[in-house]
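What follows is one structure encoded as structure tokens, with my remarks underneath.
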Amino acid sequence: MKTDELIDTLSADPQRRHMIRPLATIALAVFLSCLGAFIVSLVWLGLPTDLAHVATTWDHGFFVRIAFAVSVTCCAFLFVHDLSIPGRRQRMPSLVAMVPFVLLPILALHELSSMSWEEWPTHTGHASWLTCLWQITVLAIPAFAILVIAVRRLAPTDLRRSGFYVGLLSGSIGAMGYILHTRDESIAFGAIAYPVAIFTIAIIGALVGPRVLRWS
Amino acid sequence: MRGGAGSAAPSRPSTRGRWQQQKKHRGVQRFWIEIRTTWVGARPRIRRTAEVDGMNSRRDATENDLRSLLLQGLNGSSPAYREFLLKLSQLLRAYVRRQFDRLQKSANDAEDVVQEALLAIHNRRHTYEPDLPVTAWAYAITRYKLIDHLRANNHELQAIPLEEVDSVIDTRDQVEAKIAVQSVMAELPDTLRLPIKLVKLEGYSAKEAARRTGTSEATVRVNVHRGLKALARLCGVKQGSPDEN
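Chains A and B are the protein sequences, given in the same order. Here the first sequence is numbered in my numbering, starting from 1 and rising by one per residue. Here the second sequence is numbered in my numbering, starting from 1001 and rising by one per residue.
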């Protein structure tokens, strides 16, 4: 087919079919995946009995952990948005996404410094590691699926990097769901376990990205 | 800022030398640029000269032109959209040809890539946001399609079945040898040619060849020997037997 004919065919209906803007598409996907992670967490793991207790006693450990997950989600959201639009520059350097991962260990060290050496092992290792890792991963799966569907409707051109940030985003959403359910875990434990889980999902995302995010 | 054209000429040899020096470390350099631009967020600094300014203003003119046409098109103006696609296709054609050239591939498929890119741009036009440079957006999609195309073609090359590869491998020498042997053999009398053909070319044992020709094993051996001598004489070899097997 000649290119001119193609242009004639294409210019027959120039109006955009999808009126939803890219930002709205991804925001909707993030909202849906947060909702999904929350529901799965509620049904599968059950909410902690002492959420009211947390609110009344101002348990700062809980707030630090949830703030970590939310900030990673926000950063990854912006990166996924920028990467899903061809030719758009990242609005902020990638190092910004690493800031929460640096701040959390600092807060954990601050927390640990207030107690004696003997208490450290019990403080970092009381929860089951494997449970944390695989529960975050399972909670991230629906989020990952929803985000992949949303990003495929847009036009990512750097599939590996997009896959990485989609993984980071869904991992942090999974961590959010996990944090809501879990009880009295220290910041020190979270500082090691959550980044491990989130980065595992991000790396899986980078590996499968070129396959699952391909559009034509 | 130093003046453009005047200072550019004497500095050219030194920059070229530096570039060739850097070429050795291109992998490292590329990694470093990647770190600086995407991780730290540095923008490449381009020295402003009259030349660069001229290029920028020309690019801006194209850009503004395309942008207004596209925005009109997205608001439902079919002729403006057609004009946009036509102008864009010229830019993309030049870009794709340049890339094919750089990769030292023949530009036969360039038009295919342009068409695929135009189709993708049309199908993904909802990802265009008015604050985005149209050319950057369109080139990014074209680059994606180009890489897709190159990768698909590589797969095609790898996926050719073995029988087809067989004909691609250069067998000219073997064929020439076969023709030469056949033309020489044609000059032998039948009684000598048949034993040689069976024993030396087709690999039958002397016993089997004897059974097929209806003679004895000894006769076959003698005739092979005589035939080879006759062949040697025909080929102009003075003594010993030429290796016909």
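Quick reminder that beta carbons are idealized off the backbone N, C-alpha and C, glycines included.
Proximity test, Cβ basis, 8 Å: residue i and chain A
i	result
A1140(B)	yes
V1114(B)	yes
L1066(B)	no
W1039(B)	yes
P1133(B)	yes
R1098(B)	no
Y1095(B)	no
A1177(B)	no
E1129(B)	yes
Interface flag, residue i vs chain B, CB-CB below 8 Å
i	result
P93(A)	yes
T3(A)	yes
G205(A)	no
A155(A)	yes
P22(A)	yes
P100(A)	no
G87(A)	yes
I26(A)	no
Q15(A)	yes
I39(A)	no
I7(A)	yes
L213(A)	no
Residue burial classification, residue i (beta-carbon count within 10 angstroms, cutoff 16)
i	result
H81(A)	buried
V1114(B)	buried
V1165(B)	With a pLDDT of 49 at V1165(B), under the threshold of 50, the modelled position of that residue is not reliable, and no figure is offered here.
C132(A)	buried
F63(A)	exposed
L104(A)	buried
Y1052(B)	The sequence as given places Val at residue 1052(B); Tyr does not occur at that position. Label assigned to V1052(B): exposed.
I20(A)	exposed
Q1029(B)	exposed
L95(A)	exposed
V102(A)	exposed
E1083(B)	buried
Pair within 8 Å by beta-carbon distance, residue i and residue j
i	j	result
S41(A)	L139(A)	yes
A1117(B)	L1150(B)	no
L154(A)	T1127(B)	yes
L159(A)	R88(A)	no
V1222(B)	V1199(B)	no
A69(A)	S172(A)	yes
P93(A)	W1032(B)	no
T137(A)	I192(A)	no
Chain D contact residues for residue i, given Cβ-Cβ distances below 8 Å
i	result
P195(A)	As a matter of chain content, chain D is missing from the structure shown, whose protein chains are A and B.
Residue i: CB within 7 Å of a non-hydrogen atom of the ligand FMN
i	result
W129(A)	Looking at this structure, you won't find the ligand FMN or any other ligand, since it has none at all.
Legend entry - Runs of alpha helix (DSSP H) lying entirely within the stretch 1035–1068 of chain B, each at least 4 residues, in chain order: none
Inset, instruction - Tell me, please, whether the stretch 1193–1208 of chain B touches the stretch 1131–1148 of chain B by the rule of three or more beta-carbon pairs shorter than 8 Å. - result: no
Inset, instruction - Evaluate contact between the stretch 1096–1114 of chain B and the stretch 1173–1190 of chain B, counting only Cβ atoms and requiring at least three cross-stretch pairs below 8 Å. - result: no
Legend entry - Validate contact between the stretch 1128–1135 of chain B and the stretch 1056–1072 of chain B using beta carbons, cut 8 Å, 3 pairs: Yes, they touch.
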